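The opening residue of the sequence shown carries number 1 in UniProt numbering; numbering runs sequentially from there.
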Amino acid sequence: MTRVGDGSGGDPTLVHEGDGRLQVADWGPDGGRLLLSEAHASSDADLFVLDLETGERRQVTPHEGDVRYEDPTFGPDGDAIYCASDASSDTLELVRIDRESLAVETVRSGGDRSIDGFALDGDTGRLAYTRNVDGYSELYAGRLEGATDAAASDVGIPDGVASELTIGPAGERLAATVSSTALNYSIYVVDLTALEESDGALEAERWTVPSAGGVPLEEYHEPDLIRYETFDGREIPAFFTLPEGAEPGTGPRPGPGPGPGEEVPVIVDIHGGPHSQRRPSWRNRPVRQYFLDRGYALFEPNVRGSSGYGREYAALDDVEKRMDSVRDIAAGVEWLREQPAIDDDRVVCYGRSYGGFMVLASITEYPDLWAAAVDFVGIADWTTFLENTGDYRQSHREAEYGSLEADREFLESISPINEVDRIECPLFVQHGANDPRVPVGEARQIADAVDEQGVPVETCIFEDEGHHTTKLENRIEQFERIADFLADHV
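Structural data, given as structure tokens:
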């Protein structure tokens, strides 16, 4: 549903209704058109131009298969649309879509890396984009030099992740949110008027200094980017972080008091999505630091199905290939077993949402690998999840996971609840009772089933939370309980 107001304080006018996940992406230069984006699945979308006078909605991205169109914006004069897309490439590249002919032409290629952020000032033609290199952002700024040609210069920013690119009035400045594992989300600004005088590089200036959570920045641990070989010979990227003082073969035990000379336990932290990517940003960094300070190493894999590595990689876990990503987790544990600093007998499986499913699947498929597991808002039964998730999400999720109508037998075969008798390690289950995405019944059924098997299980269900734990007192309780649970079982 799309409404437009005139700023006078009156009720906005309904200009369009649709069945999908529709968003307004941009106003046309003449003020008479809207650019709309509609997501069909995590890796598939369409763009439409809506004429506000006639109400006509015209699709400008006809395509077959899954294609992404991200950060779309009208170009100068409104005769074309610029966005990041994988319509003609395995990775996202900067493209121009002609509004009349619908021809798609490449403006800037990211090569074997995706362009995952983009901004354009239609009046001046100045632009900015980011290139995702193994999770780290490379930031570029420049200008259009023709309809399908752009020049761009490197912009110096801290090693980390840049997002939310915004070009200011008259195209004079670029603002970006930048964070890293030792830098809370900060605004960096680039003087774009210096492009004409630049020798090929620009520097961003930091404009904000947010809190670091009371922990000195030098105490935040930087991860190592590693790769390990999985079952089919592919290399899986992952971030690996050791706690302070842990060297190969030595390290402190978790909890109060060091224990030099001992190997350390490790938390295998699996991201959700599944079309997501673990990146070296500030996101959840204080929580990770909490476990590092308690003596745990962290292992954060981007298994097949993750975004950031191209369309082919992201599709490697679709529907019937779902369990191949779980095999990637097992291969990651085998890599950890080769690291002298890691205690093979104290490996924890940890993840939320889709990552919670990955936890439950990992401890049922490979029960001998784990000392304990932590499941946040995870999926235990694919059929009950799809039957009970919000109506607004069902078709979107079925496009990724498989449908109840066509794939029910397969979905039942990979549901952890149906292999609960294979679980051997203690399990901690966290959920919010008001979760519209993954209903709380997923948590209750897996906890009850594990308890019936005689395996230790602890539940933490907040009646006043949803898919995310947002209240500070609940977050403190949840992580203190998890820390105590792991101290008891790992």
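For each residue, glycine too, the CB sits at the ideal point set by N, CA and C. All values reported here derive from a predicted model rather than from experimental measurement.
Q) What are the start and end residues of the alpha helix (DSSP H) that includes Asn388? A) Taking the sequence shown and counting its residues from 1, the one referred to as residue 388 is at position 388. Residues Trp382 to Asn388.
**Q.** Asp317 burial status per 10 Å Cβ neighbour count (16 or more: buried)
**A.** Numbered from its first residue, the sequence shown carries residue 317 at position 317. Burial call: buried.
Q: Determine contact between the region 446 to 453 and the region 334 to 350, defined as no fewer than three beta-carbon pairs at a distance below 8 Å.
A: no
Q.
Distance check for Gly168 and Leu427, CA to CA, integer angstroms please.
A. Along the sequence shown, read from residue 1 onward, the residue named residue 427 stands at position 427. Along the sequence shown, read from residue 1 onward, the residue named residue 168 stands at position 168. When rounded, the distance between both Cα atoms is 50 Å.
Q) Taking only runs of the beta strand (DSSP E) that begin and end inside the region 295 to 364, which ones reach a length of at least 3 residues, in chain order? A) 297 to 301 and 342 to 352
(Q) Within 10 Å of its beta-carbon, does His468 have 16 or more other beta-carbons around it, so buried, or fewer, so exposed? (A) In the sequence shown, counting from the first residue as 1, residue 468 sits at position 468. Label assigned to His468: exposed.
Q) What do you reckon, are the CB atoms on Leu404 and Glu387 nearer than 8 Å? A) On the sequence shown, residue 404 is found 404 positions in, with the first residue counted as 1. On the sequence shown, residue 387 is found 387 positions in, with the first residue counted as 1. Contact flag set, yes.
Q: May I ask you to list the residues that DSSP assigns as paired with His431?
A: Translated into the one-based positions of the sequence shown, residue 431 becomes position 431. Beta-bridge pairing links His431 to Ile461.
Q) Where Asp123 and Asp191 are concerned, what is the direct C-alpha to C-alpha distance, given to the nearest angstrom? A) In the sequence shown, counting from the first residue as 1, residue 123 sits at position 123. In the sequence shown, counting from the first residue as 1, residue 191 sits at position 191. In a straight line, the C-alpha of Asp123 is about 17 Å away from that of Asp191.
Q.
If I follow the unbroken alpha helix (DSSP H) through Gln478, where does it start and stop?
A. For this step, residue 478 is matched to residue 478 along the sequence shown. Unbroken alpha helix (DSSP H) run through Gln478: Leu472 to His489.
**Q.** Where Val377 sits in the DSSP three-state scheme
**A.** Taking the sequence shown and counting its residues from 1, one reaches residue 377 at position 377. Three-state result, Val377: coil.
Q) Below 8 Å between beta carbons: does that hold for residue 491 and Cys460? A) In the structure as shown, the chain starts at 1 and stops at 490, and residue 491 therefore has no counterpart that could be examined.
Q.
Taking the straight line between their C-alpha atoms, what separation do you get for Glu218 and Pro243?
A. Working through the sequence shown from its first residue, we reach residue 218 at position 218. Working through the sequence shown from its first residue, we reach residue 243 at position 243. Going by the C-alpha atoms only, they are around 13 Å apart.
Q) Which ranges would you report for the beta strand (DSSP E) in the region 176 to 254 if only whole runs of at least 3 residues count? A) 183 to 191, 201 to 203, 224 to 229 and 235 to 241
Q. At what residue ranges does the region 138 to 169 contain a whole run of the beta strand (DSSP E), taking only runs of 3 or more?
A. 149 to 156 and 161 to 167
Q. Under a Cβ-count criterion, where at least 16 other Cβ atoms within 10 Å of its own Cβ denotes burial, should Phe231 be classed as buried or exposed?
A. Counted from its first residue, the sequence shown places residue 231 at position 231. Its Cβ having fewer than 16 others within 10 Å, Phe231 is exposed.
Q: Just confirm the distance between the C-beta atoms of Ala297 and Ala341, as a whole number of angstroms; I'd bet it's less than 8 Å.
A: Position 297 of the sequence shown, counting from 1, holds the residue named residue 297. Position 341 of the sequence shown, counting from 1, holds the residue named residue 341. Confirmed, Cβ separation roughly 7 Å.
Q. Run through DSSP, which three-state label would Asp26 get?
A. Along the sequence shown, read from residue 1 onward, the residue named residue 26 stands at position 26. Note: Asp26 maps to strand in three-state DSSP.
Q. Where in the region 80 to 140 do unbroken runs of the beta strand (DSSP E), each at least 3 residues long, occur, reported from the N-terminal end onward?
A. 80 to 85, 93 to 98, 104 to 108, 114 to 120 and 126 to 133
Q) Taking C-alpha atoms, which residue in Ser180, Ser276, Phe239 and Glu203 lies nearest to Ala41? A) Here the question's residue 41 lines up with position 41 in the sequence shown. Closest option to Ala41, Cα to Cα, is Ser276.
Q: Report, in whole angstroms, the separation of the C-beta atoms of Asp343 and Glu452, which I expect to be a contact under 8 Å.
A: Taking the sequence shown and counting its residues from 1, the one referred to as residue 343 is at position 343. Taking the sequence shown and counting its residues from 1, the one referred to as residue 452 is at position 452. Between Glu452 and Asp343 the Cβ distance is about 30 Å, and since that is not below 8 Å, they are no contact.
**Q.** Simplified DSSP state of Pro256, which is helix, strand or coil
**A.** Residue mapping note: residue 256 aligns to position 256 of the sequence shown, counting from 1. Model confidence at Pro256 stands at a pLDDT of 42, short of 50, so the residue's coordinates are unreliable; what they give is reported in the following sentence. The answer is coil: DSSP assigns Pro256 none of H, G, I, E or B.
Q. Ordered along the chain, which non-local residues of its own chain (more than five positions away) have a Cβ less than 8 Å from that of Ser88?
A. Residue 88 sits at position 88 when you count from the first residue of the sequence shown. Val95, Val104 and Thr106.
Q.
Under DSSP, the beta strand (DSSP E) around Pro265 begins and ends at which residues?
A. Position 265 of the sequence shown holds residue 265. Pro265 -> beta strand (DSSP E) spans Val264 to Ile270.
Q. So is Ala443 buried or exposed if we call it buried at 16+ other beta carbons inside 10 Å?
A. Residue 443 sits at position 443 when you count from the first residue of the sequence shown. Classification of Ala443: buried, given that the 10 Å Cβ count is 16 or more.
Q. Taking just the CA atoms, how far does Pro76 sit from Thr61?
A. As a first step, residue 61 must be located in the sequence shown, where it is residue number 61. As a first step, residue 76 must be located in the sequence shown, where it is residue number 76. Roughly 19 Å separates the two Cα atoms.
Q: May I ask you to verify whether the region 348 to 359 touches the region 264 to 274, counting CB pairs closer than 8 Å and requiring at least 3?
A: yes
Q) Per the contact definition of three or more C-beta pairs closer than 8 Å, is the region 173 to 185 in contact with the region 281 to 301? A) yes
Q: Would you decide whether Trp382 is buried or exposed? Buried here means 16 or more other CB atoms lie within 10 Å of its CB.
A: Mapped onto the sequence shown, residue 382 falls at position 382. Flag for Trp382 reads buried.
Q) Comparing alpha-carbon positions, which option in Arg99, Val67, Gly78 and Pro216 lies nearest Ala84? A) Within the sequence shown, the letter at position 84 stands for residue 84. Ranking Arg99, Val67, Gly78 and Pro216 by Cα distance to Ala84 puts Val67 first.
Q. For the beta strand (DSSP E) that contains Gln59, what are its first and last residues?
A. As a position in the sequence shown, residue 59 is number 59, starting the count at 1. From DSSP, the beta strand (DSSP E) with Gln59 extends over Arg57 to Gln59.
**Q.** Pair within 8 Å by beta-carbon distance, Val303 and Ile329
**A.** Position 303 of the sequence shown holds residue 303. Position 329 of the sequence shown holds residue 329. Yes, these two residues count as a Cβ contact at 8 Å.
Q: Taking only the alpha-carbon atoms, compute the straight-line gap between Glu465 and Gln430 and give it to the nearest angstrom.
A: Here the question's residue 465 lines up with position 465 in the sequence shown. Here the question's residue 430 lines up with position 430 in the sequence shown. Near 11 Å, if we compare the C-alpha coordinates of Gln430 and Glu465.
Q: Grab me the residues of Val457's own chain with a C-beta within less than 8 Å of its C-beta, minus the 5 sequence neighbours each way, in chain order.
A: The sequence position of residue 457 within the sequence shown is 457, counting from 1. Contacts found: Pro426, Leu427, Phe428, Val429, Ala447, Val450 and Asp451.
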